[in-house]
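Undergrad: Numbering (my numbering), first residue to last: 14 to 170. The beta-carbon is built from N, C-alpha and C at its ideal position, and this holds for glycine as well. Because the structure is a prediction, the values reported are computed rather than measured.
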Ligand SMILES: [Zn+2]
């Protein structure tokens, strides 16, 4: 099982930059400078460089709406950046000891029993295990401490 880690689609990120609105319809927060750096951009899957501007906003990283398509905080580069190439490796900014992995069906509903706080060193093994199942279309990787969406994992095409 080969995996692909994906950043947010450019169409979605372009829409955020164009409208200045988040998934609630509220104005995005514009921060003049990432003083310390370390804010992970969900589009280029790199940390916003120290001293560079960025956006903080509530985002729902799903195409549809149902009770499981939660909205939460993300950062993205400002001005825009280039979407990360799909990678077989997790983003380099992942430096916490644990993350949440959770499987979703093709209709963007949580597949119960798949959500697990997972040691960073086991992310690819557990994601591959979940994506072996035909009822799982993708796996979301989230912060274990803050639950923020970080990236999405698919079967490599
Ligand atoms: Zn970026």
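1. Decide yes or no for the touch test of the region 95-106 against the region 44-63: beta carbon pairs closer than 8 Å, at least 3 of them.
2. Just to confirm my understanding: we take residue 75, look at its own chain, exclude 5 residues before and 5 after, and list those with CB closer than 7 Å. What are they?
3. Can you tell me whether DSSP reads residue 36 as helix, strand or coil?
4. Is residue 101 near residue 15, with beta carbons less than 7 Å apart?
5. Do you know offhand how far residue 68's Cα is from residue 44's?
6. Within its chain, find whatever has a CB closer than 7 Å to the CB of residue 95; leave out the 5 residues flanking it on each side and keep chain order.
7. Ignore the nearest five residues each way along the sequence and tell me which others in residue 160's own chain have a CB closer than 8 Å to its CB.
8. Residues around ligand 1, please: the ones whose beta-carbon is closer than 5 Å to some heavy atom of it, in chain order.
9. Hey, could you find the ends of the beta strand (DSSP E) residue 134 is sitting in?
10. Please specify which runs of the beta strand (DSSP E), each continuous and at least 3 residues long, are wholly inside the region 84-129, giving them in chain order.
11. So, residue 33 versus residue 40, is the Cβ gap smaller than 7 Å?
12. Short of 8 Å in beta carbon distance, which residues of its chain neighbour residue 79, apart from the five on each side in sequence? Order them along the chain.
13. Per DSSP, what are the beta-bridge partners of residue 153 in this structure?
14. Rounded to a whole number of angstroms, what is the C-alpha to C-alpha distance between residue 51 and residue 156?
TA: So, from the listed chains and residues:
1. yes
2. In the chain shown, the residue the question calls residue 75 occupies position 62. The answer, listed in chain order, is 82, 121.
3. In the chain shown, residue 36 corresponds to position 23, counting from 1. Residue 36 falls in the coil class under three-state DSSP.
4. In the chain shown, residue 101 corresponds to position 88, counting from 1. In the chain shown, residue 15 corresponds to position 2, counting from 1. Yes, the pair counts as a contact, with Cβ atoms nearer than the cut-off.
5. In the chain shown, counting from the first residue as 1, residue 68 sits at position 55. In the chain shown, counting from the first residue as 1, residue 44 sits at position 31. Going by the C-alpha atoms only, they are around 6 Å apart.
6. Mapped onto the chain shown, residue 95 falls at position 82. Correct list, in chain order: 57.
7. Walking along the chain shown from the start, residue 160 turns up at place 147. Once the five neighbours on either side are set aside, the close Cβ partners of residue 160 are 85, 113.
8. 54, 56, 57, 90, 94
9. Position 121 of the chain shown holds residue 134. Taken as a continuous stretch (DSSP letters only), residue 134 belongs to no beta strand (DSSP E), as it is neither H nor E.
10. 85-90, 111-117
11. Within the chain shown, residue 33 is the residue found at index 20, counting from 1. Within the chain shown, residue 40 is the residue found at index 27, counting from 1. Result yes, Cβ atoms of residue 33 and residue 40 sit closer than 7 Å.
12. Position 66 of the chain shown, counted from the start, is the residue given in the question as residue 79. Taken in chain order, the residues that qualify are 120, 121, 122.
13. The residue given as residue 153 occupies position 140 in the chain shown. In the DSSP output, where bridge partners are listed per residue, residue 153 has 115, 165.
14. As a working note, residue 51 is residue 38 in the chain shown. As a working note, residue 156 is residue 143 in the chain shown. Answer to the nearest angstrom: the Cα atoms are 14 Å apart.
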